[in-house]
Amino acid sequence: MAQQILFSDSQPLPAIGQGTWYMGENAAQQTDEVNALRAGIDLGLTLIDTAEMYANGGAEKVVGEAISGRRDEVFLVSKVYPWNAGEQSAITACENSLKRLKTDYLDLYLLHWRGDIPLEETVSVMQHLVAQGKIRRWGVSNLDYSDMQELWNVAGGRECATNQVLYHLASRGIEYDLLPWSQQQRMPVMAYCPLAQAGRLRSGLMNHPVLNQLANQKGTTVAQLLLAWVIHHDGVIAIPKAGTVAHVKENAAALEIELSQEEIELMEKAFPAPGRKTPLDMV
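FYI, the working numbering numbers position 118 of the sequence shown as 119, with every residue one higher than the one before it.
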């Protein structure tokens with residue numbers, strides 16, 4: 002059975018969703034992007050993650066087209082710029098995202114990264130958006146352990162449904178404190194760039210001999226191995242971007258891959274976790 006993740010009161014979701022960073026930037030690719038997202042929904046990858054930042058709202062428009070007539074099948078996530086994350090500006094930003102997505106509510110709305118607006122103000126406006134029915138729940142992105150401790154001490158801060166952070170085999174810093182704490186709180190972690198942007202963030206990842214040998218032995222791709230590794234962690238959902246139907250199929254198939262403890266140890270020995278606190282990786 003494919004691993005499933007629960008966001009607060011939601012229906013269980015597959016542990017792999019669909020990211021949309023870099024979508025909506027090239028009109029010539031829009032049909033492929035829409036078809037890829039629709040294929041993902043067909044394959045059960047029903048969480049779709051986007052943001053007002055991506056292509057200045059262009060990615061949200063692509064998602065809006067992809068989910069047209071299928072809104073009820075999808076768990077829709079978008080993100081607000083930090084400078085829009087207070088009072089009226091957050092309400093306006095949310096309404097603009099909803100228009101581009103052609104929907105009247107988001108399942109999850111995230112603070113994209115921390116800025117100058119106090120967390121208290123962001124939590125307050127998020128609660129207001131929930132009360133208005135514009136969002137079902139809210140969360141954060143790119144907040145480190147100390148930020149989460151601060152959020153937890155804000156009135157209403159513990160309503161935070163998730164933290165979306167960069168996480169892949171070659172970037173394991175969250176394992177030191179942020180991931181164990183999140184698991185203790187039973188708060189899902191969303192892993193963006195789970196394939197290190199097809200290895201671009203860590204050029205040695207896709208070509209690593211240990212990973213390639215293991216993938217050959219298991220009859221998988223290295224990308225599928227990397228996704229399987231991310232989601233074997235309790236409470237972690239991966240949101241790889243896939244701009245083509247073929248890539249989406251490859252991602253979805255990773256849900257069925259089982260890694261033995263020996264295989265996990267082999268992968269982690271090739272890319273060890275830091276033994277001390279490191280700054281949160283972000284792109």
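All C-beta atoms in this analysis are idealised placements derived from N, C-alpha and C, irrespective of residue type, glycine included.
Bridge pairing for Ser79: Tyr110 [DSSP].
Just measuring C-alpha positions, the residue of Ile17, Ser9, Leu7 and Gln12 sitting nearest His248 is Ile17. Lys242 and Asn27 have their C-alpha atoms some 15 Å from each other.
With contacts defined by Cβ atoms closer than 8 Å, Ala253 and Leu46 form a contacting pair.
Taking C-beta atoms as the reference points, Val126 and Ala156 fail to come closer than 8 Å.
Beta-bridge partners assigned by DSSP to Pro181: none are found. In chain order, Gly244 and Thr245 place their CB closer than 7 Å to the CB of Asp33, counting only its own chain and leaving out the 5 sequence neighbours on each side. A buried status is given to Ala197, since no fewer than 16 other beta-carbon atoms sit within 10 Å of its beta-carbon. Rounded to the nearest angstrom, the Cβ distance from Asp50 to Val78 is 4 Å, consistent with a contact under 8 Å.
At the C-beta level, Asn154 and Ser183 stay beyond 8 Å of one another. Between the segment 256-268 and the segment 224-234, the count of Cβ pairs shorter than 8 Å is three or higher; the stretches touch.
Taken in chain order, the complete beta strand (DSSP E) segments of 3 or more residues contained in the segment 25-113 are 48-50, 76-81 and 109-112.
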